[in-house]
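According to this note's numbering, the stretch in the sequence shown is residues 1 to 369, in order. Glycine included, every Cβ here is placed at the ideal spot set by N, Cα and C. Only a predicted model underlies this, so the values are computations on that prediction, with no experimental measurement involved. One structure below.
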Amino acid sequence: ANAQTTPFKIGLILPMTGQQASTGRQIEAAVKLYIAQNGDTVAGRKIEVIVKDDVATPDVTKRLAQELVVNDKVNVLAGFGVTPAALAAAPIATQSKTPLVVMAAATSSITEASPYIVRTSFTLPQVSVAMGDWAPKNGVKSVVTLVADYGPGNDAEKFFSERFQLNGGKVVDKLRVPLRNPDFAPFLQKVRDLKPDALFVFVPSGAGAAVMKQFLERGMDKAGIRLIATGDVTDDDQLNDMGDGALGVVTSHHYSAAHPSAMNKKFVEAFQKANKNMRPNFMAMGGYDGMRVIYEALKATGGKGDGTALLEKMKGQIFESPRGQVLIDAQTRDIVQDVYLRKVEKKDGQLYNVEFDVIKAVKDPGKAK
Ligand code: DHB
């Protein structure tokens, strides 16, 4: 068959079950919404999405990526809920010259693992540095950091701490919790004893509610310890169920469902309508924009599925996203975007991350050599 008449295949590898399942659910919903809004034919090619569940387990990710490339002959690999999954698939993208669009995972170094990787999510250095600037100017002179002990947590710890200290802040201790089934209680007890002005937290999407619950149950706030975090903790997927104890928590991140642009209002409304009122989170945003990057690249190649040609057309894309203006940096293949400071507030009876400040066009600080 002529390449122009065969379907264009996207292999979407996501954690649809297990601890990271909310990431898979959010991204799959966003991908479907993008297709519903933009059509399932691009430059004459019918778009076919093949969803595979890797349970966020890198060995499984690697096998699935291999099968998708070899058996299904996908034109693009996409998804990747956690850093180890993205890293496991990277060599397959390189060997097969298949563009790999990272829609979720956020360790800085991922884009350096293959020249075929393009990222539409964010990086932890990108969002953590903003908090390292904000906190010391807002009464936080000492902190303890608490992060999930793997790539993105290590990035958050390093880039937040370095910036916070540069601004005269004191990092009293750095605590790391296991990624799998974390028990925050002993760590929070330690923080209580150390009594810093604030606790800085990074945990991956899906784990924030447990942190918030235990933080409040242990009366950390009443003991005068503030919670500051990356927006992964006040995740829009869970925030509204965290209760009023979450009010006032300040975080830094690249996307809030409450982002007050016309485009975002339309996006949130359509997403909720199509998904039984589920609120889109930053993972959904990575999936939605990832599809945009794939669609526009395919249009630009006139429907040719060739991996290297597609990759070239993904690089340098600049567009308005529901999160704000974004750019896929042609050199690093990483996303450049605005980073917001947000505070949890109640709007129409629901909890939201309300943006109150912005740092424009932030490049991943992890790449600055
Ligand atoms: C990663 C996963 C997350 O759920 C998140 O919020 C940030 C980073 C990761 O594994 O890269």
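To the nearest angstrom, report how far apart residue i and residue j are at their CA atoms.
i: Gly44; j: Phe8; result: 10 Å
i: Met160; j: Met131; result: Residue identity check: residue 160 is Phe in the sequence provided, not Met. Their backbone Cα atoms lie some 7 Å apart in a straight line.
i: Met314; j: Val211; result: 37 Å
i: Asn353; j: Asn71; result: 43 Å
i: Thr230; j: Asn281; result: 13 Å
i: Lys276; j: Glu269; result: 11 Å
i: Gly349; j: Gly208; result: 21 Å
i: Tyr340; j: His259; result: 9 Å
i: Gly39; j: Asp54; result: 27 Å
i: Ala1; j: Ile47; result: Its pLDDT being 48, under 50, Ala1 is placed unreliably in this model, and the coordinates cannot settle the point.
i: Arg342; j: Ala88; result: 33 Å
i: Ile318; j: Tyr295; result: 13 Å
i: Ser128; j: Val362; result: 11 Å
i: Leu227; j: Asp221; result: 8 Å
i: Leu311; j: Leu247; result: 43 Å
i: Phe356; j: Ser261; result: 14 Å
i: Phe164; j: Leu298; result: 43 Å
i: Asn74; j: Glu67; result: With the sequence shown as reference, residue 74 is identified as Val, and Asn is not the correct amino acid for it. So the two alpha carbons sit approximately 9 Å from each other.
i: Val293; j: Ala56; result: 23 Å
i: Val233; j: Met263; result: 25 Å
i: Gly370; j: Gln189; result: Missing from the structure shown is residue 370; the chain here goes from 1 to 369 and no further.
i: Ala309; j: Thr301; result: 7 Å
i: Gly24; j: Glu162; result: 32 Å
i: Pro178; j: Thr41; result: 43 Å
i: Lys265; j: Lys360; result: 20 Å
i: Ala90; j: Thr251; result: 31 Å
So which of the options has the shortest CA-CA distance to residue i?
i: Ala105; options: Val69, Met16, Ser205, Val336; result: Ser205
i: Lys195; options: Val201, Ile225, Val203, Ile47; result: Ile225
i: Met16; options: Thr61, Ala156, Val42; result: Thr61
i: Arg180; options: Ala300, Ala90, Tyr150; result: Tyr150
i: Trp134; options: Val203, Ile50, Gly168, Gly153; result: Gly168
i: Met278; options: Val362, Val191, Leu239; result: Leu239
i: Thr6; options: Gly305, Arg333, Lys346; result: Gly305
i: Leu199; options: Pro178, Ala89, Thr107, Lys170; result: Lys170
i: Pro322; options: Asp237, Thr308, Gly286, Ile294; result: Gly286
i: Ile335; options: Thr251, Asp235, Phe122; result: Phe122
i: Pro182; options: Leu166, Arg163, Val203, Val172; result: Val203
i: Ile388; options: Gly79, Gln37, Ala29; result: Residue 388 lies beyond the stretch modelled for the chain, which goes from 1 to 369, so this question has no answer here.
i: Val102; options: Val358, Ala309, Met291, Lys360; result: Met291
i: Val172; options: Val293, Ala223, Val140; result: Val140
i: Ala257; options: Ala90, Arg218, Lys347; result: Lys347
Is the Cβ-Cβ distance between residue i and residue j less than 7 Å?
i: Pro365; j: Pro136; result: no
i: Gly81; j: Gln26; result: no
i: Gln455; j: Phe187; result: Past the edges of the chain, shown from 1 to 369, lies residue 455, and the structure says nothing about it.
i: Ser142; j: Asp197; result: yes
i: Ser22; j: Asp237; result: yes
i: Ile10; j: Val49; result: yes
i: Ala284; j: Ala85; result: no
i: Val249; j: Val344; result: yes
What does a CB cutoff of less than 8 Å around residue i pick up in its chain, not counting 5 residues either side in sequence?
i: Ala93; result: Ala65, Leu77, Pro99, Leu100, Ser114, Tyr116, Ile117
i: Ser109; result: Gly151, Gly366
i: Thr83; result: Ala105, Ala106, Thr107, Ile110, Tyr150, Gly151, Pro152
i: Ala36; result: Ala274
i: Arg218; result: Ala185, Leu188, Gln189, Arg192
Excluding sequence positions up to five away, which residues of its chain have a Cβ less than 6 Å from the Cβ of residue i?
i: Lys174; result: Thr145, Glu157
i: Gln337; result: His254, Val326
i: Ser96; result: Val69
i: Gly324; result: Asp338
i: Gly303; result: Gln4, Ala43, Gly44, Arg45
i: Phe271; result: Leu33, Pro280
i: Asp235; result: Ser205, Gly208, Asn281
i: Val358; result: Asp338, Tyr340
Considering only residues of the same chain and omitting the five flanking positions on each side of residue i, which have a CB-CB separation below 7 Å?
i: Arg333; result: Thr111, Ile117, Val118, Arg119, Lys315
i: Arg176; result: Val147, Asp149, Gly153
i: Met242; result: Ala209, Met212, Leu351
i: Ala330; result: Lys315, Gly316
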